[in-house]
Amino acid sequence: MVAGGLRRRHVDDVPSGGRRRQRPGRRRFGRWPRGRAGHQSKRRGQQRRRGRRSPGAHGGVSMLELYFSTLSWSLAALFIGIALGTLTGLIPGFHVNNVALILLALSPALLELGIPLYAVAAIIVSTGTVHTFLNYIPSALIGAPDGDTALSLLPGHRMLLTGHATRGVAWSARGSQLGMLLSLPLIIVARFAFGPELGLYDALRSVLPFVLLSISLLLLATETTRLDWPDPIQRMTRGYLGESSRIAGFLTATAFFLLAGMYGWAVFELPATSPVGMPDASLLLPSLAGLFGIANLLDIYTTTSHLPPQREDWTLPDAKPLISPCFWSSVAGACMGVLPGMTASQATVLVMGGRNVSARLKGGTGPGMDWETRKLIDMSDDELLAIALEEAEGDGEGPQTRQDLEIIAILSAVNTAVTVMVLGFLYIIGRSRSGATLALKMMYPVETWSSVEPTSDFIRLLTITVAAGLVAVPMMRHVGKAVLRLHATIPLGHMVLGVIVFVTALVWFSTGWIGIGVLIVGTFIGLLPPRIGIRRSHAMGIILVPIMIYTFAQRFDSFGFI
219 MVAGGLRRRH
229 VDDVPSGGRR
239 RQRPGRRRFG
249 RWPRGRAGHQ
259 SKRRGQQRRR
269 GRRSPGAHGG
279 VSMLELYFST
289 LSWSLAALFI
299 GIALGTLTGL
309 IPGFHVNNVA
319 LILLALSPAL
329 LELGIPLYAV
339 AAIIVSTGTV
349 HTFLNYIPSA
359 LIGAPDGDTA
369 LSLLPGHRML
379 LTGHATRGVA
389 WSARGSQLGM
399 LLSLPLIIVA
409 RFAFGPELGL
419 YDALRSVLPF
429 VLLSISLLLL
439 ATETTRLDWP
449 DPIQRMTRGY
459 LGESSRIAGF
469 LTATAFFLLA
479 GMYGWAVFEL
489 PATSPVGMPD
499 ASLLLPSLAG
509 LFGIANLLDI
519 YTTTSHLPPQ
529 REDWTLPDAK
539 PLISPCFWSS
549 VAGACMGVLP
559 GMTASQATVL
569 VMGGRNVSAR
579 LKGGTGPGMD
589 WETRKLIDMS
599 DDELLAIALE
609 EAEGDGEGPQ
619 TRQDLEIIAI
629 LSAVNTAVTV
639 MVLGFLYIIG
649 RSRSGATLAL
659 KMMYPVETWS
669 SVEPTSDFIR
679 LLTITVAAGL
689 VAVPMMRHVG
699 KAVLRLHATI
709 PLGHMVLGVI
719 VFVTALVWFS
729 TGWIGIGVLI
739 VGTFIGLLPP
749 RIGIRRSHAM
759 GIILVPIMIY
769 TFAQRFDSFG
779 FI
């Protein structure tokens with residue numbers, strides 16, 4: 219009995235008290251240590267996992283709702299950005315950077331209303347894309363370009379005066395479309411070149427001041443003044459400072475470049491406050507609006523009275539012959555997009571300069587062009603206009619008209635490519651190269667593209683960029699027709715004055731009376747280039763000179779004496 223009792227107690231006590239009595243190895247290989255409690259906990263874990271995967275669980279519905287919510291906000295932001303981009307593209311002087319700064323200031327209020335920040339970012343991106351497509355229309359149909367399309371004014375004016383401005387709009391649409399699409403593979407190349415794999419941006423930063431200085435000197439060296447200097451100076455210099463003199467152009471452009479740079483240095487040092495309480499007020503808005511917007515509008519108001527009747531032909535040109543020049547234009551836009559202070563206007567000058575060098579290397583038989591006017595060598599603007607008018611009387615497109623249309627497409631491709639590449643560099647190197655990307659960076663932290671796969675935020679914004687560009691191509695035809703009808707009802711002078719009043723009011727609301735003073739000074743400086751015979755794009759010294767001073771001071775003045 220004793221033995222039986224001990225045996226029974228041993229068998230019955232193992233499940234509950236077996237931890238004390240089990241033999242070595244029993245816990246690992248036997249099933250007793252887990253016991254009934256272990257099986258119950260396993261069943262409870264399986265039930266919890268099945269509950270999370272059930273169709274009616276909260277997690278699955280929330281993911282579905284999140285997907286449709288993101289899609290809905292993205293589509294709404296796309297169409298709102300298209301509307302705003304149409305507005306900024308048609309109003310000279312009202313740049314997409316203005317919209318970006320306004321949305322940045324309103325972002326806390328929009329967030330309180332339940333509008334997510336990624337939707338606000340999508341509005342900014344789509345606005346900037348549509349702006350690059352439609353901002354040629356004022357240049358083609360009104361004669362009032364903004365800073366990025368000012369270099370296409372002469373070919374566009376010839377198309378306007380010959381009654382073929384609608385052809386220029388169609389070629390501009392094709393060029394912008396190709397510039398956008400051809401920039402997409404360049405983003406991948408830029409990712410591996412400037413990303414952590416090769417790290418070329420770190421090497422570029424060490425020589426950045428020298429790169430900016432070299433490009434600035436190259437842009438200044440391409441200048442040829444189109445005004446005669448005073449006779450005493452010409453006699454003293456034996457005619458070296460006469461009309462079409464590169465020496466005179468270089469000296470004049472350098473002086474204006476430094477003047478704009480000192481103006482920019484003063485602007486960056488001044489305080490800016492909004493009288494209506496708008497946060498993050500910046501005097502860069504009134505300075506750029508004065509240099510490129512109001513000054514150009516005043517020139518348009520005093521020189522253009524009416525527009526000739528236009529023949530409506532909105533047919534898009536064949537894309538095949540434009541792929542090669544638009545691709546190299548996109549490459550130039552990518553090179554300018556990674557550098558601070560460089561815009562589409564600088565990229566267009568380099569592209570047209572490259573065409574000029576290519577024509578000279580071919581023996582001068584190709585369409586050699588001046589650095590600024592993109593005109594045939596040894597021909598004046600009046601002679602080119604006479605050729606264009608003579609070709610307009612025929613049925614087809616003559617060589618001069620074809621050349622002007624190709625130039626318009628190339629400049630539009632550069633303009634759009636810079637916008638796309640600037641967005642890519644924001645996520646590749648984490649640096650903003652435009653007012654729009656600066657607003658994105660200040661709005662929320664940007665997750666850089668450090669792995670092989672791009673971030674979801676970048677994919678969403680890039681998709682919105684491509685969608686906005688594809689929608690903008692057919693929009694240019696309808697918007698262009700509306701602008702032509704608008705000309706028939708509103709005089710051009712009244713339209714230009716209305717834009718000037720609108721931009722001035724926008725400056726006061728954002729920066730107050732200090733901004734108005736900066737706007738007036740910038741307007742006076744912006745009126746100088748056409749009167750001294752140089753390009754207005756040299757006014758970008760407002761950004762380049764302070765950046766070069768800062769970068770050179772960091773490199774050579776580590777003690778902070780400068």
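Note that the sequence shown covers residues 219 to 780 in my numbering.
Glycine is no exception: its CB is placed at the ideal position from the N, C-alpha and C atoms.
Source: prediction; values computed, not measured.
Where does the unbroken alpha helix (DSSP H) through residue i begin, and where does it stop?
i: Asn353; result: No alpha helix (DSSP H) holds Asn353; DSSP gives it neither H nor E.
i: Gly740; result: 710-744
i: Trp483; result: 464-487
i: Pro663; result: Neither: Pro663 is in no alpha helix (DSSP H) and is coded neither H nor E.
i: Tyr427; result: Checking the sequence shown, residue 427 turns out to be Pro, not Tyr. Per DSSP, Pro427 belongs to the alpha helix (DSSP H) from 426-439.
i: Gly751; result: Here Gly751 belongs to no alpha helix (DSSP H), and DSSP marks it neither H nor E.
i: Arg649; result: Neither: Arg649 is in no alpha helix (DSSP H) and is coded neither H nor E.
i: Gly397; result: 383-412
So which of the options has the shortest CA-CA distance to residue i?
i: Arg385; options: Leu762, Phe770, Gln528; result: Gln528
i: Pro543; options: Thr306, Leu400, Ser652; result: Leu400
i: Ile647; options: Leu296, Ser394, Thr520, Pro672; result: Pro672
i: Leu437; options: Thr472, Ile406, Val407; result: Thr472
i: Ile718; options: Thr707, Ile738, Val343, Pro692; result: Ile738
i: Arg754; options: Pro663, Leu629, Phe510; result: Phe510
i: Gly303; options: His349, Leu328, Trp291; result: His349
i: Val317; options: Leu378, Trp291, Val721; result: Val721
i: Thr520; options: Ile433, Ser290, Leu710, Pro326; result: Leu710
i: Thr442; options: Gln772, Met766, Arg773, Pro748; result: Pro748
i: Leu418; options: Phe643, Ile760, Trp731; result: Phe643
i: Ser728; options: Ile541, Leu679, Leu501, Trp532; result: Leu501
i: Val407; options: Glu665, Gln621, Ser548, Leu289; result: Ser548
i: Arg678; options: Thr288, Met713, Ala635, Ala513; result: Thr288
i: Leu396; options: Ile626, Ala439, Arg409; result: Ile626
i: Trp483; options: Ala771, Ile760, Arg773, Gly730; result: Ile760
i: Ala635; options: Leu305, Leu402, Leu331; result: Leu402
i: Val697; options: Gln621, Phe286, Ser280, Ile309; result: Ile309
i: Asp536; options: Arg409, Thr707, Glu487, Glu624; result: Glu624
i: Pro493; options: Ile750, Ile752, Trp731; result: Trp731
i: Gly346; options: Glu487, Asp449, Met398; result: Met398
i: Met758; options: Ala771, Arg423, Pro558; result: Pro558
i: Ser630; options: Ile355, Leu656, Ser280; result: Ile355
i: Leu656; options: Gln621, Leu319, Leu435; result: Leu319
Excluding the 5 residues flanking residue i on each side, which residues of the same chain have their C-beta closer than 7 Å to its C-beta?
i: Phe173; result: This structure does not reach residue 173, given that the chain is present from 219 up to 780, and the question cannot be answered.
i: Leu426; result: Thr769
i: Pro414; result: Ser668
i: Val725; result: Leu503, Pro504, Ala507, Gly733, Ile734, Leu737
i: Gly296; result: The sequence given here has Leu at residue 296, not Gly. These residues qualify, in order along the chain: Ala340, Ser344, Ile682, Ala685, Ala686.
i: Val338; result: Leu321, Ser325, Leu328, Met661
i: Met766; result: Pro427, Leu430, Leu431
i: Ile628; result: Gly393, Pro543, Cys544, Ser547, Val569
i: Val664; result: Leu644, Tyr645, Gly648, Leu658
i: Phe486; result: Pro764
Near residue i, which residues of its chain fall below 6 Å by C-beta distance, leaving aside the five closest residues on each side in sequence?
i: Ile298; result: Ile341
i: Gln264; result: Low local confidence applies: a pLDDT of 48 at Gln264 is under 50, so the model's placement there is unreliable, with the coordinate-based value given in what follows. Same-chain partners within the cutoff: there are none.
i: Lys659; result: Ser650
i: Ala690; result: Val348, Phe351
i: Gly307; result: His349, Leu352, Asn353
i: Ala513; result: Thr741, Gly744, Leu745
i: Pro539; result: none
i: Gly551; result: Ala565, Val632, Ala635, Val636, Met639
i: Leu534; result: Ala388, Arg392
i: Val556; result: Phe643
i: Ile750; result: Thr470
Ordered along the chain, which non-local residues of its own chain (more than five positions away) have a Cβ less than 8 Å from that of residue i?
i: Ala255; result: At Ala255 the pLDDT is 47, less than 50, meaning the model places this residue with poor confidence; the figure from the coordinates comes in the next sentence. Excluding sequence neighbours, Ala255 sits near nothing in its chain.
i: Met801; result: Not covered by the structure: residue 801. The range shown for the chain is 219 to 780.
i: Asp531; result: His382, Thr384, Arg385, Ala388
i: Trp291; result: Ile333, Pro334, Tyr336, Ala337, Ala340
i: Glu283; result: none
i: Pro273; result: Because the pLDDT of Pro273 is 40, which lies under 50, any placement of that residue in the model is unreliable, and the question is left without a value.
i: Ala294; result: Ala337
If we require 3 or more residues per run, which beta strand (DSSP E) segments fall completely within the stretch 282-338? none
Whole beta strand (DSSP E) runs in the stretch 492-552 with 3 or more residues, listed along the chain?
-> none
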